[in-house]
Amino acid sequence: MDLEKVILFVWLWFSIRFLFFNYWEILFLWPILIILDGQFQNNTQHQETLGDKSPPEIGQTTQKETKFNEQRPHSADLDKLIKKMMEEEKKRILKKTSGKK
Numbered sequence: 001m002d003l004e005k006v007i008l009f010v011w012l013w014f015s016i017r018f019l020f021f022n023y024w025e026i027l028f029l030w031p032i033l034i035i036l037d038g039q040f041q042n043n044t045q046h047q048e049t050l051g052d053k054s055p056p057e058i059g060q061t062t063q064k065e066t067k068f069n070e071q072r073p074h075s076a077d078l079d080k081l082i083k084k085m086m087e088e089e090k091k092r093i094l095k096k097t098s099g100k101k
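Right, dumping it as structure tokens:
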């Protein structure tokens, strides 16, 4: 479970216990919430400083990088082919319209 859900669960649990069962248990709510909040703050600070937990190794390309590099020349060829086909289609349409007049 996420830490936010745990904090919410603890808050809800102690609220229900406070309303229906034992009033002294509410004294333990604040220290527990402060401890959980401290863990949450440490966790977010740890992620901000360290970044990705499993970064790719230096000098090695990931699958995404190689796939992207492979698609570049292919997409450039497709762009050229599309432009060529569009120009041919324009010429064909111009010939058709000029022949009808």
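Quick note: the sequence shown uses full-length UniProt numbering, first residue 1, plus one each step. By construction, the Cβ of each residue, glycine as well, lies at the ideal position given by its N, Cα and C atoms.
So the candidates are the options; which of them puts its Cα closest to the Cα of residue i?
i   : options            : result
D37 : D2, S15, F18       : D2
I34 : E4, F18, S75       : E4
W30 : V10, Q39, I16, L19 : V10
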